[in-house]
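Just below is one structure, and these are the notes that go with it.
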Amino acid sequence: MINEAERHILLVHLPGQDGLCAGCRAWWSRLTPYPCWQVNWATTRQARSLTAALLGGRA
Ligand SMILES: [Zn+2]
Numbered sequence: 001m002i003n004e005a006e007r008h009i010l011l012v013h014l015p016g017q018d019g020l021c022a023g024c025r026a027w028w029s030r031l032t033p034y035p036c037w038q039v040n041w042a043t044t045r046q047a048r049s050l051t052a053a054l055l056g057g058r059a
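Be aware that the sequence shown starts at 1, since it is given in the UniProt record's numbering, and climbs by one per residue.
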């Protein structure tokens, strides 16, 4: 299950042409290498919940 916050982060924080996060630059004028910590946070949480869903479905 992907919650709204995680989906929103992944929609906004995309790799820019120069290897920096386009979302961080657009929203906060920050020059952050992609993937930024927010993308890392969202993808890590997604992987965890996906694993939990798979394990829960088989138990
Ligand atoms: Zn970002």
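Note that the Cβ used here is the ideal one computed from N, Cα and C, for glycine as well. Every value quoted in this text rests on a predicted model; they were computed, and no experiment measured them.
Nearest residue (CA-CA) to residue i, options the options
i     : options                : result
GLU6  : ALA47, LEU55 and GLY57 : ALA47
GLU4  : ARG45, ALA53 and SER29 : ARG45
PRO33 : PRO15, GLY57 and GLY56 : PRO15
Assigned exposure category for residue i - 16 Cβ within 10 Å defines buried
i     : result
GLN17 : exposed
Contact set for residue i: own chain, Cβ-Cβ below 8 Å, skip 5 residues either direction
i     : result
LEU31 : LEU20, CYS24 and ARG25
THR43 : LEU10 and PRO35
6 Å CB neighbourhood of residue i in its chain, flanking five on each side removed
i     : result
GLN38 : ILE9 and HIS13
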